[in-house]
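**Q** Residue numbers (the numbering used here), protein chains in the order written: chain A, 1 to 287; chain B, 288 to 574.
Backbone N, C-alpha and C fix where the C-beta goes; we use that ideal spot for every residue, glycine too.
Pasting the structure below:
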């Protein structure tokens, strides 16, 4: 029998990180539950987990910038990604209705994604917890009346809670991108078609174009760009970018050229792009 | 006697939005307190406030993307900006110590900025409220023992609370950029040296370079760029950018050219750039 791989996740069983881990690995894993992203990184760095799952951006809330800092400070790299549809449900012990709820518990990101629902129900006070599914578990274990959790449908099933409202996130097409992180430095392979980079450039007109020109010349597509201010250092700017390519493109050369035209470049990971969770009909748009 | 201008703010007296309003206007204003960003926008749109203050990015947490959507959906524009140093304090009723605290109340953004402090003090449960200063007020008015607020030093003074810990944000150089928003459409003036734009382009190599080339040719500097995914529409990408220029530069022409090379462009505001709050010695960096 094959040994199970340990994957560190933020949150616990039936959390969205757990769902992301199963979606990426399918089987053969056991999860190590962590309260914070920092703990996920530490478990991986110390070898107590083979890899970790870490949310990096959400389609409604944007990038989780502090997690980029964690990757760098803990010397970890991206070895994969997975996009997960996030459908938030409001759940409570059976026999209660929405009007009985005085408080809502969930992870800050989930509370943020449901801010409009919370504005429409101001009698419920939002309480931050370390996890969506963990909040559901506490409601069951402590038999909490008048308290609801925002969590996955799976968490409601696991803890036998009644779903009082479904899809309470602000916008329907809500997805989170999770990174698979490990200590293994990035390496090229035939399978890889995406990379995440950080680079710094001087703060002057055209400096960014010089970097992006490299990608254009090499026919490389950008899927993310995000400037990062460096307080106290207005002469320099930092950027995070994700690039994708087709098999056979001259990626190594492009990355060398980026190094040449920037003030410093770090490859955060080279990996296989995940599939976006929504159909590509173009009929609906967040914009 | 001159009539006071009404400025809608998120939060209440001694909140960081209030501090930002005073820093921008100096005097001659009265603030209208709002519980949410949406309420700030609605007050301005309905003419009940001359303008509003809205946080748009923080140096630790990044952009508040949903506020861009609010600007667009409420047909509001940016008419100014101000950067405010955010120094978070932990405060409680006098006669108590840090170890007496079982809960912390504050605005989600403040809780986020102090996540490391909270990780180091896991016995305190973080409870989200609509405001930093409002949490301080509640502790005073309801004489809450064992509960601390994260708020400004000014809020502690206003409500006569004892500061238990100072500068508890994760990183010292923590600033928030606030926008001054109004219904007035953007217009060029000699005083303006900054603009905020959104544009959409096709998702193909080089499309972004074509837009940025316009800025390079016109010697226009970028101070922010942020890609925004459009779920369900992988053939297009949206971007938010901020640009700055020197007096006399051909900005109108540049903006026309951006329109020509993009799939759609919106000017969110044309205004005078705010001053960054930190000294420019370059000796310290967040990176």
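(1) Compare the Cα-Cα distances from residue 481 of chain B to each of B:338, B:541, B:411 and report the closest residue.
(2) Do residue 577 of chain B and residue 406 of chain B have their C-beta atoms closer together than 8 Å?
(3) Counting pairs of beta carbons, one from the region 298-313 of chain B and one from the region 455-472 of chain B, are three or more of them closer than 8 Å?
(4) Could you give the C-beta distance for residue 352 of chain B and residue 61 of chain A, rounded to a whole number, given that I count them as a contact under 8 Å?
(5) Can you name, in chain order, every residue of its own chain whose Cβ lies under 6 Å from the Cβ of residue 58 of chain A, other than the five neighbours on each side?
(6) If you follow the beta strand (DSSP E) that residue 336 of chain B is in, where does it begin and where does it stop?
(7) Assuming residue 328 of chain B contacts residue 357 of chain B under a Cβ cut-off of 8 Å, what Cβ separation, rounded to an integer in Å, is found between them?
(8) If you reduce the DSSP assignment to three classes, tell me which class residue 287 of chain A lands in.
(9) Look at the Cβ atom of residue 373 of chain B, then the Cβ atom of residue 338 of chain B, and state whether they are nearer than 8 Å.
(10) Please identify the residue among B:530, B:471, B:470, B:515 whose C-alpha is closest to the C-alpha of residue 204 of chain A.
(11) Return the first residue and the last residue of the alpha helix (DSSP H) that residue 539 of chain B is part of.
(12) Note the first and the last residue of the continuous beta strand (DSSP E) segment covering residue 109 of chain A.
(13) Under the three-state reduction of DSSP, which class applies to residue 566 of chain B: helix, strand or coil?
(14) Just mark residue 281 of chain A as buried or exposed, buried being the case when its beta carbon has 16 or more other beta carbons within 10 Å.
(15) Could you tell me the boundaries of the alpha helix (DSSP H) in which residue 416 of chain B lies?
(16) Measuring CB to CB, does residue 168 of chain A end up less than 8 Å from residue 114 of chain A?
(17) Could you give the DSSP three-state label for residue 188 of chain A: helix, strand or coil?
(18) Would you call the CB atoms of residue 437 of chain B and residue 391 of chain B closer than 8 Å?
(19) Looking at the secondary structure, which residues open and close the alpha helix (DSSP H) in which residue 360 of chain B lies?
(20) Counting only C-beta atoms, is residue 272 of chain A closer than 8 Å to chain B at any point?
(21) Taking the alpha-carbon of residue 235 of chain A as reference, which of A:261, A:160, A:201 has the nearest alpha-carbon?
(22) From what residue to what residue does the beta strand (DSSP E) around residue 527 of chain B run?
(23) What residues from the region 235-252 of chain A come within 7 Å of chain B, judged by C-beta to C-beta, listed N to C?
(24) So with Cβ pairs under 8 Å, would you call residue 287 of chain A a contact of chain B?
(25) Which of the three DSSP states, helix, strand or coil, is assigned to residue 435 of chain B?
(26) Short check: CB of residue 131 of chain A to CB of residue 11 of chain A, under 8 Å?
(27) Just to confirm the assignment, what range does the beta strand (DSSP E) spanning residue 14 of chain A have?
(28) Distance cutoff 8 Å, beta carbons only. Does residue 554 of chain B sit that close to anything in chain A?
(29) Can you name the start and end residues of the beta strand (DSSP E) that residue 32 of chain A belongs to?
(30) When the cut-off is 8 Å and only beta carbons count, does residue 489 of chain B lie next to chain A?
(31) What residues from the region 386-399 of chain B come within 7 Å of chain A, judged by C-beta to C-beta, listed N to C?
**A** The relevant details are as follows:
(1) Indexing the second chain from 1 puts residue 481 of chain B at position 194. Closest option to residue 481 of chain B, Cα to Cα, is B:541.
(2) Given a span of 288 to 574 for chain B in the structure shown, any question on residue 577 of chain B remains unanswerable.
(3) yes
(4) Locating residue 352 of chain B in the second chain gives position 65, where the first residue counts as 1. Locating residue 61 of chain A in the first chain gives position 61, where the first residue counts as 1. Between residue 61 of chain A and residue 352 of chain B the Cβ distance is about 6 Å, and since that is below 8 Å, they are a contact.
(5) Taking the first residue of the first chain as 1, we reach residue 58 of chain A at position 58. Apart from the 5 residues on each side of it in sequence, residue 58 of chain A sits with its Cβ closer than 6 Å to the Cβ of 176 in its chain, given in chain order.
(6) Indexing the second chain from 1 puts residue 336 of chain B at position 49. Note, residue 336 of chain B: premise wrong, no beta strand (DSSP E); not H, not E.
(7) Along the second chain, one-based indexing puts residue 328 of chain B at 41. Along the second chain, one-based indexing puts residue 357 of chain B at 70. Their Cβ separation, rounded to whole angstroms, is 5 Å, which keeps residue 328 of chain B and residue 357 of chain B in contact under 8 Å.
(8) Residue 287 of chain A sits at position 287 when you count from the first residue of the first chain. At residue 287 of chain A, the pLDDT of 29 sits below 50, so the modelled position is not reliable; the number obtained from the coordinates is stated separately. The answer is coil: DSSP assigns residue 287 of chain A none of H, G, I, E or B.
(9) Locating residue 373 of chain B in the second chain gives position 86, where the first residue counts as 1. Locating residue 338 of chain B in the second chain gives position 51, where the first residue counts as 1. Contact flag unset, no.
(10) Residue numbering aside, residue 204 of chain A sits at position 204 when the first chain is read from its first letter. Among B:530, B:471, B:470, B:515, the Cα nearest to that of residue 204 of chain A belongs to B:530.
(11) Sequence index remark: in the second chain, residue 539 of chain B carries index 252 (1-based). Counting along the chain, the alpha helix (DSSP H) containing residue 539 of chain B begins and ends at 538-548.
(12) Sequence index remark: in the first chain, residue 109 of chain A carries index 109 (1-based). First-last for residue 109 of chain A: 108-113, but that is the alpha helix (DSSP H), not the beta strand (DSSP E).
(13) Within the second chain, residue 566 of chain B is the residue found at index 279, counting from 1. At residue 566 of chain B the pLDDT is 48, less than 50, meaning the model places this residue with poor confidence; the figure from the coordinates comes in the next sentence. Residue 566 of chain B sits in coil when the DSSP states are folded into three classes, being neither helix nor strand.
(14) On the first chain, residue 281 of chain A is found 281 positions in, with the first residue counted as 1. Bear in mind that a pLDDT of 41 at residue 281 of chain A, under 50, signals an unreliable position, so the model cannot answer this.
(15) Residue mapping note: residue 416 of chain B aligns to position 129 of the second chain, counting from 1. It is not in any alpha helix (DSSP H) - residue 416 of chain B carries neither H nor E in the DSSP assignment.
(16) Locating residue 168 of chain A in the first chain gives position 168, where the first residue counts as 1. Locating residue 114 of chain A in the first chain gives position 114, where the first residue counts as 1. Result yes, Cβ atoms of residue 168 of chain A and residue 114 of chain A sit closer than 8 Å.
(17) For the purposes of this step, residue 188 of chain A is taken as the residue at position 188 of the first chain. In the three-state scheme derived from DSSP, where H, G and I count as helix and E and B as strand, residue 188 of chain A is classed as coil.
(18) Position 150 of the second chain holds residue 437 of chain B. Position 104 of the second chain holds residue 391 of chain B. Yes, Cβ-Cβ distance for residue 437 of chain B and residue 391 of chain B is below 8 Å.
(19) In the second chain, counting from the first residue as 1, residue 360 of chain B sits at position 73. Note, residue 360 of chain B: alpha helix (DSSP H), 352-360.
(20) On the first chain, residue 272 of chain A is found 272 positions in, with the first residue counted as 1. Not an interface residue.
(21) As a first step, residue 235 of chain A must be located in the first chain, where it is residue number 235. Among A:261, A:160, A:201, the Cα nearest to that of residue 235 of chain A is on A:201.
(22) The sequence position of residue 527 of chain B within the second chain is 240, counting from 1. That run of the beta strand (DSSP E) goes 523-531.
(23) 235, 238
(24) For the purposes of this step, residue 287 of chain A is identified with residue 287 of the first chain, where counting begins at 1. Note that residue 287 of chain A scores a pLDDT of 29, beneath 50, so its modelled location is shaky and nothing firm can be said.
(25) Walking along the second chain from the start, residue 435 of chain B turns up at place 148. Here residue 435 of chain B sits in strand by DSSP.
(26) In the first chain, the residue the question calls residue 131 of chain A occupies position 131. In the first chain, the residue the question calls residue 11 of chain A occupies position 11. Against a cut-off of 8 Å, the Cβ pair of residue 11 of chain A and residue 131 of chain A comes out as a contact.
(27) Taking the first residue of the first chain as 1, we reach residue 14 of chain A at position 14. From DSSP, residue 14 of chain A is part of no beta strand (DSSP E); its letter is neither H nor E.
(28) On the second chain, position 267 is the one that residue 554 of chain B refers to. Not closer than 8 Å to any Cβ of chain A, the Cβ of residue 554 of chain B fails to qualify, so no.
(29) Walking along the first chain from the start, residue 32 of chain A turns up at place 32. Per DSSP, residue 32 of chain A belongs to the beta strand (DSSP E) from 29-34.
(30) Walking along the second chain from the start, residue 489 of chain B turns up at place 202. Judged by the 8 Å Cβ criterion, residue 489 of chain B is not in contact with chain A.
(31) 395, 398, 399: these are the residues of the region 386-399 of chain B whose beta carbon lies less than 7 Å from some beta carbon of chain A, given in chain order.
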